[in-house]
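Structure, as structure tokens:
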Amino acid sequence: MSNAAVRLTEQQIAQYHREGFLVIDQITDPDDRARIEEWLMALFRRHAELPAEVAYELGNAKNDRSVQTTPQIISPHKLEPRLRETNYFRNAQAVARQLLGEDCGFQGDHTIYKPPYNNKATAWHQDLAYYAKNATAYVVNFWMPLRDATIESGCMQFIPRSHHGNLLPHHPVNHDPNMHTLETDEVDPRQAVACPLKAGGATLHSLKTLHYTGPNVSDRPRLAYILAFGYEWPRT
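See below:
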């Protein structure tokens with residue numbers, strides 16, 4: 147796959163628009179994946195030194211960096227510019243253009259590290275809830291695990307076709323206004339589709355697709371790198 151953009155089939159394109167998500171078994175090659183993992187882990191080793199606005203704990207209240215439960219880094223490409231030169235980046239951009247049109251561009255990235263035996267889940271939510279109410283939904287998010295992602299380690303889970311409805315009411319996790327993350331109560335988890343992935347695969351979803359990742363109850367860390375491609379939107 148090296149240097150070759152991923153091409154979707156007509157069936158995959160139709161499935162993404164119908165279901166609101168798609169699984170790609172391999173979006174980059176092993177060497178590229180290994181380089182990305184090396185660069186991201188180097189950033190996580192500096193997590194405590196990075197500015198609080200870009201490096202924080204998803205499972206903690208805002209400004210609480212006392213315990214590393216689920217560290218996240220926003221815009222890691224600004225700290226490690228080589229991330230935008232990877233096959234993963236090129237392939238994700240090519241796939242996004244197949245789904246949304248040739249005019250769509252890079253919107254941002256972030257990375258999440260979930261240590262082993264971590265009881266913190268990422269609650270059910272729609273990404274659109276983090277943006278202004280008039281924000282466009284024409285964005286596709288790519289979630290790539292750098293190590294195999296299983297149900298036990300917290301792979302992505304989706305509610306099929308949930309993107310066809312409206313943005314649901316969201317509130318801070320546990321109704322605590324100091325929390326970083328949002329959740330919605332209007333979801334039936336019995337409808338969820340779990341998407342285990344090998345390292346270097348990817349899930350794709352729209353801003354309105356309901357999704358969730360469970361706690362990492364495995365004995366291995368879970369590292370994910372997320373890219374977003376689409377059209378400009380106003381952010382709150």
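Just so we're aligned, residue 147 is where the sequence shown starts under the numbering used here, counting upward by one. For each residue, glycine too, the CB sits at the ideal point set by N, CA and C.
Where residue i falls, given that 16 or more other Cβ within 10 Å makes a residue buried
i	result
G347	buried
N149	Low local confidence applies: a pLDDT of 49 at N149 is under 50, so the model's placement there is unreliable, and no value is given.
W185	buried
R381	Residue placement at R381 is flagged as unreliable, the pLDDT there being 49, under the threshold of 50; the coordinate-derived value follows with that caveat. Classification for R381: exposed.
K344	exposed
A238	buried
P291	buried
D178	buried
A194	exposed
P222	buried
Y234	buried
G376	buried
T144	Outside the displayed range of the chain (147 to 382) lies residue 144, so it cannot be described from this structure.
A295	buried
Q157	exposed
Q337	exposed
Under 8 Å between C-beta atoms of residue i and residue j
i	j	result
P306	E183	no
H309	K266	no
P367	Y259	yes
N362	G300	yes
H271	T232	no
A240	A151	yes
I170	L350	yes
T327	L204	yes
L356	L313	no
P318	E332	no
Residues bridged to residue i [DSSP beta-bridge criterion]
i	result
I220	H256
T268	T359
C341	M302
E203	P217
R383	Because the chain is modelled from 147 through 382, residue 383 falls outside the range shown and cannot be assessed.
Anticipated Cβ contact below 8 Å, residue i with residue j, distance rounded
i	j	result
T268	A370	At roughly 10 Å, the Cβ-Cβ gap does not stay under 8 Å, so T268 and A370 are not in contact.
P217	F252	About 23 Å separates the two Cβ atoms, so there is no contact after all.
query = At which residue ranges does the stretch 302 to 334 contain complete beta strand (DSSP E) runs of 3 or more residues, listed in the order of the chain?
reply = 302 to 304
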